[in-house]
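*Asks:*
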Amino acid sequence: MPEVFISYPHQEKEKAEMLASTFESRGLAPWLAHRDISHSTKWQDQIRHKLDSCDAFVLLVEPTTKPSSWLQLEYTAALESVWKHDEKLLIPVLTGKGEPPAFLRHFNVLRIPSNRKDWHAFSERVADTIKEQRKTASPTHVPSDLKREWMSRLHDVASSALRIQAEDILEGAKHYLAASDPDNRGAQDLLSARYQNLTQGTKTRRTQRRSSKKQTTSK
Amino acid sequence: MKRQRRRKRKRPAGKQPSTRPASVFINCPFDNEYLPLFDAIVFAVTCCGFIPRSALESGDVAELRIHRILRAMFASKYSIHELSRSHGEGDQNFARFNMPLELGMAMARRFETLENHDWLVLVPQGHTHQKFISDLSGYDPKGHDGSLEDIVRKVMAWLVTRPDATLSFTPVEVLAQLPAFQEGVKELRADWGDDLPWAYLVAAAKNVAEQLLA
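Top line first, the protein sequences correspond to chains A and B.
Sequential numbering from 8 applies to the first sequence in the working numbering.
Sequential numbering from 6 applies to the second sequence in the working numbering.
(1) Helix, strand or coil for residue 160 (chain A), going by three-state DSSP, please let me know.
(2) Tell me the residue span of the alpha helix (DSSP H) that contains residue 132 (chain A).
(3) Which of the three DSSP states, helix, strand or coil, is assigned to residue 16 (chain B)?
(4) How about residue 18 (chain A): is its C-beta nearer than 7 angstroms to some C-beta of chain B?
(5) If the cut-off is 9 angstroms on Cβ atoms, which residues from the segment 108-121 of chain A count as contacting chain B, listed in chain order?
(6) In chain order, what residues of the same chain have a beta carbon less than 6 angstroms from the beta carbon of residue 126 (chain A), not counting five sequence neighbours either side?
(7) Applying a beta-carbon distance threshold of less than 7 angstroms, which residues of chain D neighbour residue 96 (chain A)?
(8) Check the Cβ-Cβ distances between residue 172 (chain A) and every residue of chain B, and say whether any is below 7 angstroms.
(9) In the DSSP assignment, find the unbroken alpha helix (DSSP H) run with residue 10 (chain A) in it and report its ends.
(10) If you draw a straight line from the alpha carbon of residue 41 (chain B) to that of residue 159 (chain B), how long is it in whole angstroms?
(11) Residues in the segment 19-45 of chain A with C-beta within 8 angstroms of chain B's C-beta atoms, listed in sequence order?
(12) Of all Cβ atoms in chain B, is any one closer than 7 angstroms to the Cβ of residue 12 (chain A)?
(13) Whose C-alpha, out of A:52, A:114, A:67 and A:171, is nearest the C-alpha of residue 306 (chain A)?
(14) Counting along the chain, where does the alpha helix (DSSP H) carrying residue 74 (chain B) start and finish?
(15) Express the C-alpha separation of residue 28 (chain B) and residue 108 (chain B) in angstroms, rounding to a whole number.
(16) Just tell me which of A:177, A:178 and A:157 has its CA closest to the CA of residue 51 (chain B).
(17) Residues of chain A with CB under 7 angstroms from residue 148 (chain B), in chain order?
(18) Among B:176, B:175 and B:213, which one has its Cα closest to the Cα of residue 162 (chain A)?
(19) From the DSSP output, in three-state form, read off residue 174 (chain A) for me.
(20) Taking C-beta to C-beta, are residue 56 (chain B) and residue 46 (chain B) nearer than 7 angstroms?
(21) With a Cβ-Cβ cutoff of 7 angstroms, do residue 173 (chain A) and residue 184 (chain A) count as a contact?
(22) I need the boundaries of the alpha helix (DSSP H) containing residue 186 (chain B), first residue and last residue.
(23) Would you list, in chain order, the members of the segment 36-65 of chain B that have their beta-carbon closer than 8 angstroms to a beta-carbon of chain A?
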């Protein structure tokens, strides 16, 4: 019987239970932390063990809420597991409006119906997907605005590394000067001013970029 | 006159705020044996859209090394700590204490400054870490087998599930681009040797990472 780890935020317990009961009626073995943890061993160890041993993951994700550190740990373990074992399934289910988090880009994300009476039919569909070991086609298209954001982020990564390096050189020079020529206040002040220019310059550029972005969006 | 409360503009649901990328401090051995893994971590961090930082970013300057490390660590939102070198090494069979020491700094950053700092601890595969660093139990250290594939998978799975990740790729995609980065770094090291500026290493990673969307 395929074991299914259901990950859910605390406030979505009811939806997780609904999925679990449908899974059971369809011959799957769902695992819910609040229901299936026994008191004999540490609960953290039990969750870790299940994350390792299950055949499929169903992640209930609330897109607008920051996940708890424990949920993040479950997402990390699930992702790592499906990346490592091709046969394992990961089915993300969004429980509210909003875009899925970045790490689910490669999965076909399902959205739980807002109408409660459609929940049962929806959970039957999820159960069938797991039973048939059906990998849902992953979306490959990256929207152009996301591409632009990504390229700009990469650019920021490289320019930040340059700025950090420059700051570091100045900081080192300040220390060197302070140790080797402590009376030379002029040179020390000059270095401090350069250092300030460098950090403030970064801030100014960031502010400029932000305001130009605002102008673009207001247009 | 009734004071009007400024309404906050609502961000589209699920969309993360567009901010400067967060830094990831990489705390690992700097020796020839570990170098390919270190390069792979730097590349994976860049591909995940974060700024890689390490003790290597500071050249041979007058400031104490530990101060420079602290500065970089405290400026980073995340850190990765490699504790797999738990055995004695060299003629005198000494263990490497720098990595656990720096993990302690990361913990101090989180618990003493109450600032947002999160870390990933890498340990040898199996349960040996429960013997040599048992106090870490509960923090879910990740065991790895020392291969590039495993370490990239572990680092990426952790980084892309952080709340400020923007766009994620799979380890297969990243590993496919890794040889191009390794080649670029090889040339840089041939030119610069041990003095390779950190920013050049990151720029090389960025140039190859751009190909992920090509």
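Glycine included, C-beta positions come from ideal geometry on N, C-alpha and C.
Bear in mind the structure is a predicted one, so any value in this text is a computation, not a measurement.
*Replies:* In short:
(1) Against the first sequence, residue 160 (chain A) aligns to sequence position 153. DSSP places residue 160 (chain A) in helix when its eight states are reduced to three.
(2) As a working note, residue 132 (chain A) is residue 125 in the first sequence. Counting along the chain, the alpha helix (DSSP H) containing residue 132 (chain A) begins and ends at 126-138.
(3) Taking the second sequence and counting its residues from 1, one reaches residue 16 (chain B) at position 11. Reliability of the predicted coordinates at residue 16 (chain B) is poor, the pLDDT of 44 falling under 50, and no value is obtained from them.
(4) For the purposes of this step, residue 18 (chain A) is taken as residue 11 along the first sequence, with counting starting at 1. With 7 angstroms as the cut-off, residue 18 (chain A) does not count as an interface residue toward chain B.
(5) 108, 109, 110, 111, 112 and 113
(6) Position 119 of the first sequence, counted from the start, is the residue given in the question as residue 126 (chain A). Once the five neighbours on either side are set aside, the close Cβ partners of residue 126 (chain A) are 25.
(7) Reference to chain D is not applicable here, since the protein chains of this structure are A and B.
(8) By 1-based counting over the first sequence, the position of residue 172 (chain A) is 165. Yes, residue 172 (chain A) lies at the interface with chain B (some Cβ there is under 7 angstroms from its Cβ).
(9) The count along the first sequence starts at 1 and reaches residue 10 (chain A) at position 3. Element bounds for residue 10 (chain A): not the alpha helix (DSSP H) but the beta strand (DSSP E), 10-14.
(10) To locate residue 41 (chain B), count along the second sequence from 1; it is residue 36. To locate residue 159 (chain B), count along the second sequence from 1; it is residue 154. Each residue's Cα considered, the two are about 15 angstroms apart.
(11) Cβ contacts with chain B: none found.
(12) Against the first sequence, residue 12 (chain A) aligns to sequence position 5. So no, residue 12 (chain A) is outside the interface.
(13) Because chain A spans 8 through 226 in this model, residue 306 (chain A) falls outside it and cannot be assessed.
(14) As a working note, residue 74 (chain B) is residue 69 in the second sequence. Boundaries of the alpha helix (DSSP H) harbouring residue 74 (chain B): 70-79, taken from the DSSP string.
(15) The residue given as residue 108 (chain B) occupies position 103 in the second sequence. The residue given as residue 28 (chain B) occupies position 23 in the second sequence. So the two alpha carbons sit approximately 16 angstroms from each other.
(16) Within the second sequence, the letter at position 46 stands for residue 51 (chain B). Of the candidates A:177, A:178 and A:157, the one whose C-alpha sits nearest the C-alpha of residue 51 (chain B) is A:157.
(17) Indexing the second sequence from 1 puts residue 148 (chain B) at position 143. Correct list: empty, because the minimum Cβ distance to chain A is about 11 angstroms.
(18) Walking along the first sequence from the start, residue 162 (chain A) turns up at place 155. Cα-wise, what sits closest to residue 162 (chain A) is B:213.
(19) Start at 1 with the first residue of the first sequence, and residue 174 (chain A) comes out as number 167. Here residue 174 (chain A) sits in helix by DSSP.
(20) Within the second sequence, residue 56 (chain B) is the residue found at index 51, counting from 1. Within the second sequence, residue 46 (chain B) is the residue found at index 41, counting from 1. Going by C-beta atoms, residue 56 (chain B) is not nearer than 7 angstroms to residue 46 (chain B).
(21) Here residue 173 (chain A) refers to the residue found at position 166 when the first sequence is read from its first residue. Here residue 184 (chain A) refers to the residue found at position 177 when the first sequence is read from its first residue. No, the Cβ-Cβ distance between residue 173 (chain A) and residue 184 (chain A) is not below 7 angstroms.
(22) Taking the first residue of the second sequence as 1, we reach residue 186 (chain B) at position 181. Here the alpha helix (DSSP H) through residue 186 (chain B) covers 176-197.
(23) 51, 54, 55, 56, 57, 58, 62, 63 and 64
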